[in-house]
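Asks:
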Amino acid sequence: MNIATVTLTGQRCLRHRETVHRPGPVAGSVEVEPYLGSICGSDKPIFLRGPEGGRPENGRPMHELLCRFVGEDGEPIPDRRCIAVPRNADGMRQRFHVPRENTWRIRSSAAELPDARALHVQPLSTVMAAMDRLGDIAGADVLILGLGSIGQMFAHFALAAGAAGVTGIDPVRTSRLPGLRQVSRLADVDRSFDVCVEAVGHRSFALNEALSVCRDWGKVLLFGIPPREPHEIDLYDFMQRRLTLTSSIHPDWSRWLPTAEEYLMSPAGRDLDLTTHHFTIDQAQLAYETAVDDPAALKVFIDFGPWMSPTGR
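Heads up: the sequence shown runs through residues 655 to 967, numbered per my numbering.
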C-alpha cells in the first residue's frame with residue numbers, strides 16, 4: 655500500500671509525496687498511525703542543513719509524536735493513544751513501525767489529559783531523566799542557558815525541586831515561568847552558580863559558557879546536542895575547579911515516559927503547557943519555518959488530521 659509522507663529534499667525544503675508502506679508484523683515492533691506531532695529543537699538543524707548526502711529522507715525530521723496503535727485488521731484503534739519515538743526521527747509518515755520499547759500507551763483519558771498536553775510527555779521525559787542525573791539540587795543556585803521549550807522545562811523542574819534561585823539566559827525568548835530571573839546575555843550574569851544547564855545546543859556551542867560561570871565543585875549538565883565538529887574546553891581549569899560534567903540523551907523510555915505522564919497529571923504539572931503554534935500536516939513547510947525563524951516559537955504542533963483513517967479520527 656502507498657502512504658503519504660513529508661520528505662526532506664534539501665536545505666529548509668520539505669515536499670509531500672507518496673511512498674510504499676509494508677503493513678503487517680515486524681519483529682519486535684508495532685505499527686502506529688500518528689495524529690499529532692511537535693517540532694523539537696533537535697529537528698531544526700536537520701531541517702536547516704537538509705538530507706545527508708543529498709538523498710531525500712522520508713518522514714524527517716520529527717520524533718515527538720502522539721499516535722494510535724494499528725490493530726491486526728489494519729485499522730487504528732481509536733481509544734489506544736500512545737507516544738511513539740521513531741529511531742531515525744522520521745515520523746512524518748501516515749503510518750510506520752516503531753520498536754515496542756519506544757512506545758508508551760497513554761493511560762489517562764483524553765478528558766483528563768488532552769492531546770495537546772499529552773504530546774508534552776516525550777520531551778518532558780527527557781528533561782526528567784536529565785534532572786535525575788543531577789541529583790538533589792534543593793538549595794542550589796541554578797543557571798539555564800537557553801529558554802526554548804526544553805530550557806523552560808528545566809527551569810520549571812529546578813524551581814519545583816527547591817532550587818534557591820533559577821536564572822535563565824536567552825537573547826530572544828521570554829519565559830512564561832513565574833519565579834525565574836531572566837537575562838539576555840552572559841555578560842549580565844553577576845555571580846557564579848552551583849548548577850549550570852546547557853540547553854542551547856545545535857547552532858552554537860555554549861558548554862564553555864556554562865563552565866565559565868559554574869562555581870568550584872559545581873555541576874554542569876550538557877543537554878543541548880552540540881554541533882558535530884570538535885570543540886575545545888579548558889580541561890586544566892575544569893580539573894582545578896573540581897567541576898562535574900554530565901550529559902543526558904536517549905533515556906530509558908520504559909521508565910521515563912510513564913513518569914512524565916504521571917507528572918503532567920499531578921497538581922505541579924497541570925499548568926505546564928508551552929504550546930505556541932498549531933499547523934496541519936499540509937502546512938509542514940510553514941510549521942518548520944516558523945519553528946526556526948520566529949523567536950516566539952516554543953512548541954510548534956503539526957496536526958496529521960488530513961492523513962488519518964476515518965476510524966482514527
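Each residue gets a CB set at the ideal place from its N, CA and C atoms; glycine is no exception. This one's a predicted model, so the numbers in the text were calculated from it and none came from an experiment.
Provide the residue span of the beta strand (DSSP E) that contains residue 912, from first to last.
Replies: Unbroken run through residue 912 is the alpha helix (DSSP H), 907-919; no beta strand (DSSP E).
Asks: Determine which residues share a DSSP beta bridge with residue 656 and list them.
Replies: The partner list for residue 656 (beta bridge, DSSP) reads 674.
Asks: Checking the sheet assignment: what are the DSSP bridge partners for residue 668?
Replies: In DSSP, residue 668 forms a bridge with 662.
Asks: DSSP beta-bridge partners for residue 719?
Replies: Its beta-bridge partners are 691 and 738.
Asks: Can residue 841 and residue 798 be called in contact, C-beta distance under 7 Å?
Replies: Contact flag unset, no.
Asks: Leaving aside the five residues before and after residue 960 along the sequence, list all residues of the same chain whose C-beta is less than 8 Å from its C-beta, in chain order.
Replies: Correct list, in chain order: 934, 935 and 936.
Asks: Identify which residue in 954, 806, 675 and 741 has its Cα closest to the Cα of residue 655.
Replies: Comparing Cα-Cα distances from residue 655 to each of 954, 806, 675 and 741, the minimum goes to 675.
Asks: Could you tell me whether the stretch 895-903 touches the stretch 867-875, where touching means 3 or more Cβ pairs closer than 8 Å?
Replies: Verdict: yes, contact present.
Asks: I'd like to know whether the C-beta atoms of residue 907 and residue 756 end up nearer to each other than 7 Å.
Replies: Yes.
Asks: Classify residue 740: buried if its beta carbon has 16 or more other beta carbons within 10 angstroms, exposed otherwise.
Replies: By the neighbour-count rule (16 or more Cβ atoms within 10 Å), residue 740 is buried.
Asks: Residue 783: beta carbon under 6 Å from a heavy atom of the ligand ZN?
Replies: Among the ligands in the structure shown, none appear at all, so the ligand ZN cannot be discussed.
Asks: In terms of DSSP beta bridges, what is residue 759 paired with?
Replies: Answer is 736, bridged to residue 759.
Asks: Name the DSSP beta bridge partners of residue 829, please?
Replies: DSSP output for residue 829 lists no bridge partner at all.
Asks: Please go through the stretch 754-824 and give each complete beta strand (DSSP E) segment of 3 or more residues, from N-terminal end onward.
Replies: You should have 757-759, 795-799 and 819-823.
Asks: With DSSP as the reference, label residue 708 as helix, strand or coil.
Replies: Residue 708 falls in the helix class under three-state DSSP.
Asks: Tell me where the beta strand (DSSP E) around residue 865 begins and ends.
Replies: Run containing residue 865: none in the beta strand (DSSP E); it sits in the alpha helix (DSSP H), 861-866.
Asks: Can you tell me where the alpha helix (DSSP H) holding residue 697 begins and where it ends?
Replies: Residue 697 -> alpha helix (DSSP H) spans 697-703.
Asks: Let me know the secondary structure DSSP gives residue 923 once reduced to three states.
Replies: In this structure, residue 923 counts as coil in the three-state DSSP scheme.
Asks: What's the C-alpha gap between residue 800 and residue 878?
Replies: Near 9 Å, if we compare the C-alpha coordinates of residue 878 and residue 800.
Asks: Decide yes or no for the touch test of the stretch 799-813 against the stretch 914-931: beta carbon pairs closer than 8 Å, at least 3 of them.
Replies: With a cut-off of 8 Å, the stretch 914-931 and the stretch 799-813 count as touching, because enough Cβ pairs lie within range.
Asks: Return the CA-CA distance between residue 763 and residue 737, expressed in angstroms with no decimal places.
Replies: Their backbone Cα atoms lie some 14 Å apart in a straight line.
Asks: Let's see if you can read the secondary structure: which residues bound the alpha helix (DSSP H) around residue 943?
Replies: Residues 938-947.
Asks: Hey, how far is the Cα of residue 891 from the Cα of residue 820?
Replies: One C-alpha to the other measures close to 25 Å.
Asks: Do residue 690 and residue 767 have their beta-carbon atoms positioned less than 7 Å apart in this structure?
Replies: No, the pair does not count as a contact, with Cβ atoms beyond the cut-off.
Asks: Rounded C-beta distance between residue 930 and residue 954? I'm assuming under 8 Å.
Replies: About 7 Å; that satisfies the 8 Å criterion.
Asks: So for residue 748, helix, strand or coil by DSSP?
Replies: Coil, per DSSP.
Asks: Sort 862, 791 and 711 by Cα distance to residue 816 and report the nearest one.
Replies: Among 862, 791 and 711, the Cα nearest to that of residue 816 is on 791.
Asks: Since residue 818 contacts residue 794 with CB under 8 Å, what's their CB separation in whole angstroms?
Replies: At roughly 6 Å, the Cβ-Cβ gap stays under 8 Å, so residue 818 and residue 794 are in contact.
Asks: I'd like to check one pair, residue 779 with residue 910: are the Cβ atoms closer than 7 Å?
Replies: Yes; because the gap between Cβ atoms is below 7 Å, this pair is in contact.
Asks: Taking 7 Å as the cut-off, decide whether the C-beta atoms of residue 684 and residue 761 are in contact.
Replies: Cβ atoms of residue 684 and residue 761: not closer than 7 Å.
Asks: What separation, rounded to the nearest whole angstrom, lies between the Cα atoms of residue 668 and residue 744?
Replies: Distance between the alpha carbons of residue 668 and residue 744 is about 13 Å.
Asks: Residues in the same chain with beta-carbon distance under 6 Å from residue 848, minus the five sequence neighbours each way, listed in chain order, please.
Replies: Taken in chain order, the residues that qualify are 794, 795 and 872.
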